[in-house]
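Worksheet for the structure shown next.
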Amino acid sequence: MKQFWKSMLGSPSGIIGLVILLLAVAVALFGPMLFPNSPWRMVQRPFLPPFTLGTVPLGTDALGRDVFAGMIFGARVSLLVGLVSTLVALVVGIPIGAMAGYFGGRVDDALMRFTEFFQTIPSFALAIVLVAILQPSIYSIVTSIALVSWPPVARLVRGEVLSLRTREYVQAAIVTGQSHSWIILREILPNALSPVIVLASLMVATAILLESSLSFLGLGDPNLISWGYMVGAGRTVIRQAWWITVFPGIAILISVLGLNLIGEGLNDALNPRLSREGR
Amino acid sequence: MPKRVLLGLLLACGLAAPALAQEPKTGGVVNAVIQPEPPGLMLALVQNGPTQMVSGNIFEGLLRYSPKLEPQPELAESWSVSEDAKTYTFKLRKGVTWHDGKPFTAADVLFSIEMLKQTHARARNNLAQVDKVEAPDDYTVVFTLKQPFGPFLGIFEVGSMPMVPKHLYDGTDFKTNPYNNAPIGTGPFMFREWQKGSFIRLVKNPNYYEKGKPYLDEIYWQIIPDAAARSVAFETGKVDVLPGGSVENFDVPRLSKLKDTCVTGAGWEFFSPLAWLWLNNRQGPLADKRVRQAIMFAIDRDFAKDVIWNGLGKVATGPSASTIKYYTDDVKKYPYDPAKAKALLKEAGYKGEKIRLLPLAYGETWQRWGEAVKQNLQDVGLNIETIATDVAGGNQKIGDWDYDIAFTYLYQYGDPALGVGRNYVSSAIAKGQVFNNVEGYSNPEIDKLFADGAVATPDSERKEIYDKAQKMLVEDVPVAWMLELQFPTITRCKVKNLITTGIGVNDGFKDAWLDK
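Protein chains in written order, with this note's numbering: chain X, -16 to 262; chain H, 8 to 523.
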């Protein structure tokens, strides 16, 4: 563990990523306390340019709503959707991959064909269809993002389990008569987790992008403000008011970048061979 | 406001003021935007907005209507009303021919009426008071009514009662008639070609009965699906006419400032679109009149007008738009007053029950409006949840009465008996339809007032009845009236005389000309 933090903090990308993520989480957690007003409230005249008034530092949108407040509340939605949908995807993907890899044979065939069924459909198209059918709401968005992002997890876990299953300590566990679930949970999965963690950090980034894209297309939860919604709503007035789209766009860019950097840092830290070669 | 915009622009254009006295010039091609692409052009079968806009220049009605909604001659040269107000005699214009050269006669009128009764729901409704229609000779048509019907002279507009060629439609299956795809009318322009997804082309009718008209040689109706692209098409000079509603509202001020650009809010008087919120009177907190009144007080409608509609339109005072007959503003007023709204909600014992809000999926403007109204209502303590939906899904929910608050806007057709009563009388409660009394308001007094108002004579008595009805409705707030909408028409100033009637661009190319 000590080793992990050492190499994680040793890589600049890991540090930058962590700082960005912590900042974003802090904004999401505490920001709304500093801005008790709803981001939907019309507070100033519409199309107020940024940096003209201290109370609305980033200007106002087409209805006179505070862009800065929208960004702070948007952080909450974006991070929440990113984290929860990744969690759900892991909960679905890891057991399927582990079972397929561990039991092999028909079980493997059946589970992998099922996984491929999801993989063959373009994930964004499937997400749009799912949200449109289920009616846009935070739940349907999380569900659909999770549904389109679990297959890579399952494939990755399966591959790891396949190789670990032939190791001697696993063979030994089987010979001593341990139950299957014990072997999977206690012997194999802990050793298969590091690449999954790296993948998960990247999945959070992808999920944030997916949510933004859905909101951009008008398929966001109409009761929650999110960065993607702000970009989408500001798109048509971009010639009159660039700031409505640019600031939330930057927020999406930075948070996704941060998560990618963390993924890289994690990869360095968790993959001993790589990190030793690296320095 | 629109008048001021118009005036300002007239002055800004400079050329326009003397232009009123100018002699019309003949020739030229005008490019206009049509949005969205119409589903068909046969006006007797399809009555969508875009269909009317194109086909109103191909077909004609018996009458035309001035911006003040006074009837003017079109295919009917003159008309007279009997003493008992039950017999209307129309003298038809002589020497009118269809685009294929056959003469237009009273037989065509009789046939059109029979056909429209089968294919045109609103025409069927409008003709309900007609007992019989006869043609004593080729150029006379006599309508005999069951009882006097005040708004009768208001039902002959081209979109409400287009004249159809009998020789091409009689005895055929109307829906599959080949002329639906290449319509034949009597109008100033003839259909020439339709490249689906690209443009509709109309050409001048050389045999038009009004000598010298039309002035233009051709009209291209350009089909451009994206709102931003339509604005750009106007800026780059690809199109000269942007009919109302074809660009987003926030683009209007920017486009208005372009060189040689004229803007007007006129040309919608006959339709008088009125926007309101359906309030489901049947269930939940909205069944209480005080909650509905609170909603009226809670919504900042001036903000909606100034910010969301860029100052165009007018805050509605009640069920009638101010441009239609027997309008009165002598009703209860609902200014923006959140404190009063809160007090009313408290009095009604509202306890935070969830209220579903359905915005209208007609694009940016309506979406923003939904967000603003939601915020207004939340500010006074109503617990609002927005339901996201598309146009078809929204229509279905409204028709099934599965909503609490829903945005809409409807045309009013100049007379309360034609366009207002249908939304408030209890006989118009019918599940599955979207444009009737979907709020479920039922008041025997209102039923009686609208029933009496339709057939009362003389005008002063009708006015009295409708004054009473408006007062009563505004007190009860069966729906929350928002704005009288105004859709600005943006044109290049060289296009002259386009909007001369109460339906504007919908039949305007008859008189339009191009100053080159």
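All residues carry an ideal CB built from backbone N, CA and C; glycine is no exception.
No experiment lies behind these values; they were computed from the predicted model shown.
Open item on the list: Counting only beta-carbon separations shorter than 7 Å, does T393 of chain H have a partner in chain X?
Closed with: Indexing the second sequence from 1 puts residue 393 of chain H at position 386. Closer than 7 Å to some Cβ of chain X, the Cβ of T393 of chain H qualifies, so yes.
Task: Test: P25 of chain H CB closer than 7 Å to a CB of chain X - done: Stepping through the second sequence from its first residue, residue 25 of chain H is reached at position 18. Note that P25 of chain H scores 42 on pLDDT, short of 50, meaning its location in the model is unreliable; the coordinates nonetheless yield the value given after this. Look at P25 of chain H: its C-beta is not under 7 Å from any C-beta on chain X.
Task: Element boundaries [alpha helix (DSSP H), containing L262 of chain H] - done: Within the second sequence, numbered from 1, the residue matching residue 262 of chain H stands at position 255. Note, L262 of chain H: alpha helix (DSSP H), D258 to S263.
TODO: Determine the contact status of L281 of chain H and E491 of chain H, defining contact as a CB-CB distance below 7 Å.
DONE: Your numbering for residue 281 of chain H matches position 274 in the second sequence. Your numbering for residue 491 of chain H matches position 484 in the second sequence. For L281 of chain H and E491 of chain H, yes; Cβs fall inside 7 Å.
- [ ] Buried or exposed for M25 of chain X, please, with buried defined as at least 16 other CB atoms from any protein chain shown within 10 angstroms of its CB.
- [x] Here residue 25 of chain X corresponds to residue number 42 of the first sequence, with the count starting at 1. Taking a 10 Å sphere around the C-beta of M25 of chain X, we find 16 or more other C-beta atoms and assign the residue as buried.
- [ ] Mind checking the stretch 311 to 332 of chain H against chain X and listing, in chain order, the residues whose C-beta falls within less than 8 Å of any C-beta there?
- [x] Flagged, chain order: V314 and I315.
- [ ] Put Q125 of chain H into one of helix, strand or coil per three-state DSSP.
- [x] Position 118 of the second sequence, counting from 1, holds the residue named residue 125 of chain H. Residue state, collapsed to three classes: helix.
Open item on the list: Can you pull the chain X neighbours of A234 of chain H, defined as C-beta to C-beta under 9 Å?
Closed with: Looking up residue 234 of chain H in the second sequence gives position 227. Those are T219, listed as they occur along chain X.
TODO: Note down, in chain order, every chain X residue with its Cβ under 8 Å from the Cβ of F257 of chain H.
DONE: By one-based count along the second sequence, residue 257 of chain H stands at place 250. Those within 8 Å of F257 of chain H in chain X are A45, T219, V220 and Q223.
Task: Unbroken stretches of the beta strand (DSSP E), 3 residues or longer, contained in the stretch 197 to 261 of chain X - done: Segments of the beta strand (DSSP E) lying fully in the stretch 197 to 261 of chain X: there are none.
Task: Boundaries of the beta strand (DSSP E) in which N89 of chain H is found, first to last residue - done: By one-based count along the second sequence, residue 89 of chain H stands at place 82. Note on residue identity: the sequence assigns Ser, not Asn, to residue 89 of chain H. Element bounds for S89 of chain H: n/a, residue is neither H nor E.
Task: Contained beta strand (DSSP E) runs [length at least 3] in the stretch 245 to 296 of chain H, N- to C-terminal order - done: For the stretch 245 to 296 of chain H, whole beta strand (DSSP E) runs of length 3 or above, ordered along the chain, are 268 to 271 and 281 to 286.
- [ ] Mind listing the chain H neighbours of Q27 of chain X? Cutoff is C-beta to C-beta under 7 Å, in chain order.
- [x] Numbered from its first residue, the first sequence carries residue 27 of chain X at position 44. Result: empty, since nearest Cβ-Cβ is about 11 Å, beyond 7 Å.
Task: chain X within 7 Å of E84 of chain H, Cβ atoms only - done: The count along the second sequence starts at 1 and reaches residue 84 of chain H at position 77. Taking Cβ atoms only, chain X never reaches closer than 7 Å to E84 of chain H, which makes this a no.
Task: Bridge-paired residues (DSSP) for P78 of chain H - done: Residue mapping note: residue 78 of chain H aligns to position 71 of the second sequence, counting from 1. Answer is H:Y72.
- [ ] Can you have a look at W(-12) of chain X and say buried or exposed, based on whether 16 or more other CB atoms are within 10 angstroms of its CB?
- [x] Along the first sequence, one-based indexing puts residue -12 of chain X at 5. Exposed is the call here.
Open item on the list: DSSP three-state label for Q300 of chain H, please.
Closed with: Within the second sequence, the letter at position 293 stands for residue 300 of chain H. Here Q300 of chain H carries a helix assignment [DSSP, helix/strand/coil].
Open item on the list: Quick check on the burial criterion: 16 or more other C-beta atoms within 10 angstroms. Buried or exposed for Y122 of chain X?
Closed with: Position 139 of the first sequence holds residue 122 of chain X. Exposed, since its Cβ has fewer than 16 Cβ neighbours within 10 Å.
- [ ] Pull out every residue of the stretch 98 to 127 of chain X whose Cβ sits closer than 9 Å to any Cβ of chain H, in chain order.
- [x] When CB distances to chain H are screened at a threshold of 9 Å, the residues of the stretch 98 to 127 of chain X falling below it are A115, Q118, P119 and S120, in chain order.
Task: Amino acids of chain H, ordered along the chain, whose beta-carbon sits closer than 8 Å to that of N20 of chain X - done: For this step, residue 20 of chain X is matched to residue 37 along the first sequence. Per Cβ cutoff of 8 Å: no residues; N20 of chain X is ~11 Å from chain H at best.
Task: Rounded separation between V441 of chain H and L262 of chain H - CA only - done: Working through the second sequence from its first residue, we reach residue 441 of chain H at position 434. Working through the second sequence from its first residue, we reach residue 262 of chain H at position 255. Their backbone Cα atoms lie some 34 Å apart in a straight line.
Open item on the list: Taking its Cβ as the centre, do 16 or more other Cβ atoms sit within 10 Å of F457 of chain H, making it buried, or is it exposed?
Closed with: Here the question's residue 457 of chain H lines up with position 450 in the second sequence. Burial is judged here by how many other beta carbons sit within 10 angstroms of a residue's own beta carbon; F457 of chain H has at least 16 and is buried.
- [ ] Rounded to whole angstroms, what's the CA-CA distance from P135 of chain X to S61 of chain X? Just pull it up for me.
- [x] Counting from 1 along the first sequence, the entry for residue 135 of chain X is found at position 152. Counting from 1 along the first sequence, the entry for residue 61 of chain X is found at position 78. Their backbone Cα atoms lie some 22 Å apart in a straight line.
Task: Reduced DSSP category for N317 of chain H - H, G, I as helix; E, B as strand; rest coil - done: For this step, residue 317 of chain H is matched to residue 310 along the second sequence. Here DSSP, grouped into helix, strand and coil, assigns N317 of chain H to coil.
Open item on the list: For a cutoff of 7 Å on Cβ pairs, would you count P205 of chain X as touching chain H?
Closed with: In the first sequence, residue 205 of chain X corresponds to position 222, counting from 1. The C-beta of P205 of chain X comes closer than 7 Å to at least one C-beta of chain H.
Open item on the list: Just list the residues that DSSP pairs W488 of chain H with in beta bridges.
Closed with: Position 481 of the second sequence holds residue 488 of chain H. W488 of chain H is bridged to H:W283.
Open item on the list: In the DSSP output, which residue or residues are listed as bridge partners for A220 of chain H?
Closed with: Position 213 of the second sequence, counted from the start, is the residue given in the question as residue 220 of chain H. Reading off the sequence shown, one finds Lys at residue 220 of chain H, where the question assumed Ala. The bridge partners DSSP lists for K220 of chain H come to none.
Task: Alpha-carbon spacing of P173 of chain X relative to V144 of chain X, whole angstroms - done: Within the first sequence, residue 173 of chain X is the residue found at index 190, counting from 1. Within the first sequence, residue 144 of chain X is the residue found at index 161, counting from 1. Computed Cα separation, rounded: 10 Å.
Open item on the list: Run through the DSSP bridge pairs and tell me what I362 of chain H is partnered with.
Closed with: Counting from one through the second sequence, the residue named residue 362 of chain H turns up at place 355. Per DSSP, H:I391.
- [ ] Per DSSP, which residues does W228 of chain H bridge with? Please list them.
- [x] Taking the first residue of the second sequence as position 1, residue 228 of chain H is located at position 221. Answer by DSSP bridge pairing, in chain order: H:A39 and H:I207.
Open item on the list: DSSP has P495 of chain H in a bridge; who is on the other side?
Closed with: For the purposes of this step, residue 495 of chain H is taken as residue 488 along the second sequence, with counting starting at 1. For P495 of chain H, DSSP records no beta bridge to any residue.
Open item on the list: Between which residues of its own chain and D522 of chain H is the CB-CB distance below 6 Å, once the five residues before and five after are set aside?
Closed with: Stepping through the second sequence from its first residue, residue 522 of chain H is reached at position 515. Taken in chain order, the residues that qualify are K501 and K503.
Task: Coarse secondary structure for D442 of chain H, derived from DSSP in three states - done: Along the second sequence, read from residue 1 onward, the residue named residue 442 of chain H stands at position 435. The sequence shown places Phe at residue 442 of chain H, not Asp. Annotated three-state conformation of F442 of chain H is coil, per DSSP.
Open item on the list: What would DSSP say about W373 of chain H, mapped onto helix, strand or coil?
Closed with: For the purposes of this step, residue 373 of chain H is taken as residue 366 along the second sequence, with counting starting at 1. Helix.
Open item on the list: Please report whether the beta-carbon of A540 of chain H lies at a distance below 7 Å from any beta-carbon of chain X.
Closed with: The structure shown does not extend to residue 540 of chain H, since chain H is modelled only from 8 through 523, so no value can be given for it.
TODO: Would you give the residue range spanned by the beta strand (DSSP E) that R199 of chain H belongs to?
DONE: Start at 1 with the first residue of the second sequence, and residue 199 of chain H comes out as number 192. Note, R199 of chain H: beta strand (DSSP E), F196 to Q202.
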